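**Q** Here it is: the structure, laid out below.
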Amino acid sequence: MHLGVPAIVAASRNDFWMDQARARDLAQTWGADFVDMGEAGHINVASGFGPWPAVKVFADRLSNFRDSGAFSSARRTQVQVAIAAVRS
32 MHLGVPAIVA
42 ASRNDFWMDQ
52 ARARDLAQTW
62 GADFVDMGEA
72 GHINVASGFG
82 PWPAVKVFAD
92 RLSNFRDSGA
102 FSSARRTQVQ
112 VAIAAVRS
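This is how it looks when you write it as structure tokens:
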């Protein structure tokens, strides 16, 4: 399901929660850019990620879209459905 909104999937090569091949597949399915984070493990606070200045690069890539009004409630629903599919 293409999300119809700009998206970025960032995944590491050694994430215990989701392997990188699955993350790449999801990025392709969703029409999202894929970013290889290298050997970063699971990318979350519990894994030792504190302040993460590099994430600003991703936020900057999406910031123009955020303020455009294009992320309607219908699009939010599509994104929620896609996230729910990954969790199940």
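Using our numbering, read the sequence shown as starting at 32 and increasing by one per residue.
The beta-carbon is built from N, C-alpha and C at its ideal position, and this holds for glycine as well.
In this text, all values refer to a predicted model and were calculated from it rather than measured experimentally.
Name, in chain order, the residues that DSSP records as bridge partners for F65.
**A** Looking up residue 65 in the sequence shown gives position 34. Bridge partners of F65: V40.
**Q** Cα-Cα, which of S78, A63 and K87 is closest to V40?
**A** On the sequence shown, residue 40 is found 9 positions in, with the first residue counted as 1. Closest option to V40, Cα to Cα, is A63.
**Q** Could you name the residues of the same chain whose beta carbon sits closer than 6 Å to that of E70, not counting the 5 residues immediately before and after it, in chain order?
**A** In the sequence shown, counting from the first residue as 1, residue 70 sits at position 39. Answer for E70: R44 and N45, listed in chain order.
**Q** Could you check the C-alpha separation between G79 and L34 for me, to the nearest Å?
**A** What you label residue 79 is simply residue 48 of the sequence shown in a count that begins at 1. What you label residue 34 is simply residue 3 of the sequence shown in a count that begins at 1. Computed Cα separation, rounded: 30 Å.
**Q** In three-state DSSP terms, what is D46?
**A** Here residue 46 refers to the residue found at position 15 when the sequence shown is read from its first residue. In the structure shown, D46 sits in coil (DSSP, three-state: anything other than H, G, I, E or B).
**Q** As a quick exercise: from V66, H73 and W61, pick the residue whose alpha carbon is nearest that of F47.
**A** By 1-based counting over the sequence shown, the position of residue 47 is 16. Of the candidates V66, H73 and W61, the one whose C-alpha sits nearest the C-alpha of F47 is H73.
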